[in-house]
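Chains as they are written, first to last, in the working numbering: chain H, 161 to 380; chain P, 49 to 308.
Glycine included, C-beta positions come from ideal geometry on N, C-alpha and C.
No experiment lies behind these values; they were computed from the predicted model shown.
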Amino acid sequence: MTNRYWDALTTPLIGQNPITLQILGICSALAVTTTLQTALVMSAAVTCVLALSGASVSTIRRFIPRSVRIIVQITIIASLVIIVDQMLKAFAFEISLRLSVFVGLIVTNCIVLGRAEGFAMGHGVIASTLDGIGNGLGYSLILLLVGAIREFFGHGSLFGFQILWTTAQGGGFDPLQLMLLPPSAFFIIGGIIWLIRARRPEQVDRSEFRIRGESREEGR
Amino acid sequence: MAESSIHENPFQALSMLLGVAVLCALLVSVSAVKLQPRYVANLEAYRLAQLESILSALSGTAHAVAADEIESRVVELGSGRYADGIDAATFDARKAAVDPNSSTPIPPASDIAGIKRRAKHAGVFLLRDPGGRIQLIILPVRGSGYQSSLYGFLALSGDTSTVVALRFYEQGDTPGMGGRIQDPSWEALWPGKQVYDESGTVRIGVARGKVSPASVDAQHMVDGISGATRTSQGVHGLLRFWLGDSGFGPFLERVRRGEA
């Protein structure tokens, strides 16, 4: 049993990572990772929502009518997200300004609904909570990695502490403007996915069809 | 997938759904009511901080300014006169802008700020030199960005001709795109811009793309934010609106004539 719980917590970190394997939650991963601080707060918010929605959906899973289960799940998730958003606005106002709509958009983050429908509806409360936390941590891992790379190369700092002095401040480091724009997160996440799949070939998707005239089988 | 859902009986299903809905509504309402005062306080503190940062932007040219030296008045926009019947300390601009008794609809053709209604009154902040002449005017401005309302302060020199600062304290546009109207680097483009051309027409604004330094626009316009055309044009529209005749135009005219 313990082992199953441990698995629920740890497989989403790399083996079943929601961002790099399932390619979910990309929108927020692009938007909030310009600095580590916003990435960290967003990660905490998503992890909270995932854990609580896993726990509550799992608690009432036997009583949810099948035909409207998605609506029930969304109701629960949306309520949790609103509460988290209000908490941020009340206790971390400056950061909530920078995260703006993206906290509210956790509702539409496919990771949350995906875990509620795919895991919490069929597993016990403890396992579902751990699965939520595990997926939250998997999401956080990628967000923090991307956030660290973008903040370091885009601002020359980490968590706001200046590490490289930029030319504007009289140092020798010219920040990469691209890192502050959303496309850079695409490149970084793409790079991370490539690295993971190079190490773990079992994660590579099989081609759904072969392009005519192509002689060798290639992964997408 | 679900292990089993035993309650396919419509009556039980309905009561189950009602239960979830009521419980969720209760949680959300309680947290909203409990946390709202904190949020409002944060927002107010942030607005004041923006006001003070505009003042400190000025301290390089004049003496350092404290918030309590600032004179706060309510202006009747149509005539440009002070509305002395309204206490500036308790004047609620947001409420005034939506209340049908204290606001007027803006005809769509002239609604370049995209705000639909305009309050009849607005609270302005003034700084006077020891001789009583106006040194600095701070006007509240608002308009529509890409997906949110933009709220900010525009600070003008005492002769109303030159921008001292433009700061937005509330906006919900995309971070990294339209949200960059709050970037210090974009805010730094504004000081020194000329509001009017020689004929007295409002020429200040935001260009589509970059402003050529050689053109006459260079002294009036700032560069638009690439990737955020709608937000940039929203700022352009709100400046033209609030500095124009249906905004603070009549008030600024009175300031120039020395009647304010």
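Using a C-beta to C-beta distance shorter than 7 Å, which residues of chain H count as neighbours of residue i?
{"i": "R86(P)", "result": "A250"}
{"i": "A144(P)", "result": "Chain H residues near A144(P): none, gap ~24 Å exceeds 7 Å."}
Run down chain H in chain order and give the residues with a C-beta less than 9 Å from the C-beta of residue i.
{"i": "N149(P)", "result": "Chain H residues near N149(P): none, gap ~30 Å exceeds 9 Å."}
{"i": "Y94(P)", "result": "F253, E254 and L257"}
{"i": "A262(P)", "result": "Within 9 Å Cβ-Cβ: nothing; A262(P) doesn't reach chain H, min ~25 Å."}
{"i": "A97(P)", "result": "Under the 9 Å cutoff, chain H gives no residues; its nearest Cβ is about 10 Å from A97(P)."}
{"i": "A141(P)", "result": "None at all; the shortest Cβ gap to chain H is about 20 Å."}
Please go through the same chain and pick out, in chain order, the residues whose beta-carbon is closer than 8 Å to the beta-carbon of residue i, but skip the five residues on each side of it.
{"i": "A204(H)", "result": "S300"}
{"i": "G316(H)", "result": "Q322, I323, L324, W325, T326, G331, F333 and P335"}
{"i": "V243(P)", "result": "L204, T208, S209, T210, V211, V250, R251, I252, H268 and L291"}
{"i": "R256(P)", "result": "G272, T277, S280 and Q281"}
{"i": "E277(H)", "result": "R229, I230 and Q233"}
Once the 5 residues before and after residue i are set aside, which same chain residues still bring their CB inside 7 Å of it?
{"i": "L181(H)", "result": "Q363"}
{"i": "N57(P)", "result": "none"}
{"i": "P178(H)", "result": "P172, L184, G185, I271, N295, G298 and Y299"}
{"i": "A110(P)", "result": "Interpretation of A110(P) is limited by its pLDDT of 48, a score under 50 that renders its predicted location unreliable; no figure is taken from the coordinates."}
{"i": "V303(P)", "result": "I182, I185 and T208"}
{"i": "S341(P)", "result": "The structure shown does not extend to residue 341(P), since chain P is modelled only from 49 through 308, so no value can be given for it."}
{"i": "R164(H)", "result": "A287"}
{"i": "S188(H)", "result": "M202, F262, L265 and N269"}
Please compile the residues from chain P whose C-beta is within a distance smaller than 8 Å of the C-beta of residue i.
{"i": "M247(H)", "result": "S79 and L83"}
{"i": "I236(H)", "result": "V68 and C72"}
{"i": "V263(H)", "result": "Near V263(H) there are no residues of chain P at all, since even the closest Cβ is about 11 Å away, more than 8 Å."}
{"i": "V228(H)", "result": "A61 and L65"}
{"i": "V383(H)", "result": "The requested residue 383(H) is not part of the displayed model; chain H covers only 161 to 380."}
List the residues of chain H whose Cβ lies closer than 8 Å to the Cβ of residue i, in chain order.
{"i": "A328(P)", "result": "Here chain P comprises residues numbered 49 to 308, so residue 328(P) is not present and cannot be evaluated."}
{"i": "A266(P)", "result": "Under the 8 Å cutoff, chain H gives no residues; its nearest Cβ is about 23 Å from A266(P)."}
{"i": "A167(P)", "result": "Residues of chain H passing the Cβ test: none, with the nearest at roughly 25 Å."}
{"i": "A236(P)", "result": "What A236(P) touches in chain H: nothing, since even the nearest Cβ is about 11 Å away."}
Going by beta carbon distance, what residues of the same chain come within less than 6 Å of residue i, once the five residues before and after it are set aside?
{"i": "L190(H)", "result": "P342 and A345"}
{"i": "T327(H)", "result": "D334"}
{"i": "A266(P)", "result": "V259"}
{"i": "L212(H)", "result": "L240"}
{"i": "V232(H)", "result": "I224"}
{"i": "S284(P)", "result": "Residue identity check: residue 284(P) is His in the sequence provided, not Ser. Cβ within range, chain order: G253 and V254."}
{"i": "V172(P)", "result": "R121, V123 and L187"}
{"i": "D167(H)", "result": "none"}
{"i": "L214(P)", "result": "L202 and W238"}
{"i": "I255(H)", "result": "V201"}
{"i": "A308(P)", "result": "R302"}
{"i": "L353(H)", "result": "Position check: residue 353(H) holds Ile in this sequence, whereas Leu was assumed. Once the five neighbours on either side are set aside, the close Cβ partners of I353(H) are T180."}
{"i": "T235(H)", "result": "none"}
What in chain P is Cβ-close to residue i, meaning under 9 Å?
{"i": "S260(H)", "result": "S196, Q219, G220, D221, T222, P223 and G227"}
{"i": "T194(H)", "result": "P223 and G224"}
{"i": "V364(H)", "result": "By Cβ distance, chain P contributes nothing, its closest Cβ being about 26 Å from V364(H), past 9 Å."}
Residue i touches chain P at which residues, Cβ-Cβ below 7 Å?
{"i": "I242(H)", "result": "V76"}
{"i": "S239(H)", "result": "C72, L75 and V76"}
{"i": "V206(H)", "result": "Residues of chain P passing the Cβ test: none, with the nearest at roughly 16 Å."}
Could you round the C-beta distance between residue i and residue j to whole angstroms and report it? I think they count as a contact, below 8 Å.
{"i": "G248(P)", "j": "L125(P)", "result": "Between L125(P) and G248(P) the Cβ distance is about 19 Å, and since that is not below 8 Å, they are no contact."}
{"i": "R190(P)", "j": "I229(P)", "result": "Not quite, the Cβ-Cβ distance comes to about 13 Å (not below 8 Å), so this is no contact."}
{"i": "K241(P)", "j": "V270(P)", "result": "7 Å"}
{"i": "T170(H)", "j": "G314(H)", "result": "In fact, because the Cβ distance is near 31 Å, the residues do not count as touching under 8 Å."}
{"i": "E119(P)", "j": "L174(P)", "result": "4 Å"}
{"i": "E311(H)", "j": "L318(H)", "result": "6 Å"}
{"i": "S192(P)", "j": "A141(P)", "result": "Contact doesn't hold; Cβ gap of about 16 Å is too wide."}
Please identify, using Cβ separations under 7 Å, the residues of the stretch 63-81 of chain P that lie next to chain H, in order along the chain. M64, L65, V68, A69, C72, L75, V76, S79 and A80
Taking 8 Å as the cut-off, does the stretch 288-304 of chain H touch the stretch 115-130 of chain P (at least 3 CB pairs, one atom from each stretch)? no
For the stretch 322-345 of chain H, which residues have a beta carbon sitting closer than 7 Å to at least one beta carbon of chain P? L340, L341 and P342
Contact the stretch 180-198 of chain P vs the stretch 211-230 of chain P: 3+ CB pairs below 8 Å: yes
For the stretch 167-192 of chain H, list every residue whose C-beta sits within 8 Å of some C-beta in chain P, in sequence order. A191 and V192
Residues within the stretch 272-299 of chain H neighbouring chain P, beta-carbon criterion of under 7 Å: M281 and G282
Do the stretch 255-264 of chain H and the stretch 215-228 of chain H make contact, defined as three or more Cβ pairs closer than 8 Å? no
Per the contact definition of three or more C-beta pairs closer than 8 Å, is the stretch 80-95 of chain P in contact with the stretch 168-181 of chain P? no
Is the stretch 263-281 of chain H touching the stretch 224-244 of chain H in the sense that three or more CB pairs, one from each, lie closer than 8 Å? yes
Should the stretch 86-97 of chain P be regarded as contacting the stretch 141-155 of chain P, the criterion being three or more beta carbon pairs within less than 8 Å? no
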